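Enquirer: Provided herewith is a single structure, encoded as structure tokens, for subsequent inquiry.
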Amino acid sequence: MDTEEFAKFWVLLLNLFPAAASKKSWNIKKVWELAMSPYDLSGATEAAVEYARSKKFFPDISDITAGLCVKDGPDQECKAVSQNLTPYVAAAAEYASQIRTDFKAAGIMSPLEALKNGIPFRE
9 MDTEEFAKFW VLLLNLFPAA ASKKSWNIKK VWELAMSPYD LSGATEAAVE YARSKKFFPD
69 ISDITAGLCV KDGPDQECKA VSQNLTPYVA AAAEYASQIR TDFKAAGIMS PLEALKNGIP
129 FRE
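For the numbering used here, count along the sequence shown from 1 and bump the result up by 8.
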């Protein structure tokens, strides 16, 4: 979504949720513009209208983008964002597993194990 398309989308959101006066700040608008940039205007519009049909409060960004997909390029298929995140999630899980192994090798409880045993995080 380019700047011009986002401007139309933002007007739609403000009209769908007229009580959201606090959302008219420049900072909030810029954050939304950045977050919505990889998405298609038509998909975002449909998601916003669908959300407004069942909710009365201004949405979070994730409420609109949850079911949307991102195009990797102008001639490429639309891929679900979750597919794009898969390698990152796998890498994070591998990293967390390695940390647990390192804690165990050092004879230290992991933060989660400590919490389960009633030991506060800072201790």
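Idealized CB from N, CA, C, for every residue including glycine.
As the structure is a computational prediction, the values presented were derived from the model and not from experiment.
#1: Is residue 72 closer than 7 Å to residue 60 when the C-beta atoms are compared?
#2: Start and end of the alpha helix (DSSP H) containing residue 119?
#3: Alpha carbons only, please: which of 115, 51, 122 is nearest the one belonging to residue 6?
#4: What's the call for residue 5, buried or exposed, on a 16-neighbour Cβ count within 10 Å?
#5: Can you give me the C-alpha to C-alpha distance between residue 95 and residue 107, rounded to a whole angstrom?
#6: If we ignore side chains and look at the alpha-carbon of each, how far apart do residue 114 and residue 28 end up?
#7: So the candidates are 104, 34, 40, 26; which of them puts its Cα closest to the Cα of residue 63?
#8: Leaving out the 5 sequence neighbours to the left and right, which residues in its chain are closer than 8 Å to residue 118 when beta-carbon positions are compared?
#9: Should residue 66 go down as buried or exposed, given a rule of 16 or more other Cβ atoms within 10 Å for buried?
#10: Could you spell out the range, first to last residue, of the alpha helix (DSSP H) harbouring residue 10?
#11: Cα separation between residue 36 and residue 24?
Expert: Here's the rundown:
#1: no
#2: 119 to 124
#3: No answer is possible for residue 6: it lies beyond the span of the chain, which begins at 9 and ends at 131.
#4: No information on residue 5 is available, as it lies outside the stretch 9 to 131 that the chain covers here.
#5: 18 Å
#6: 52 Å
#7: Comparing Cα positions, the closest option is 26.
#8: 107, 108, 111, 112
#9: buried
#10: No alpha helix (DSSP H) holds residue 10; DSSP gives it neither H nor E.
#11: 17 Å
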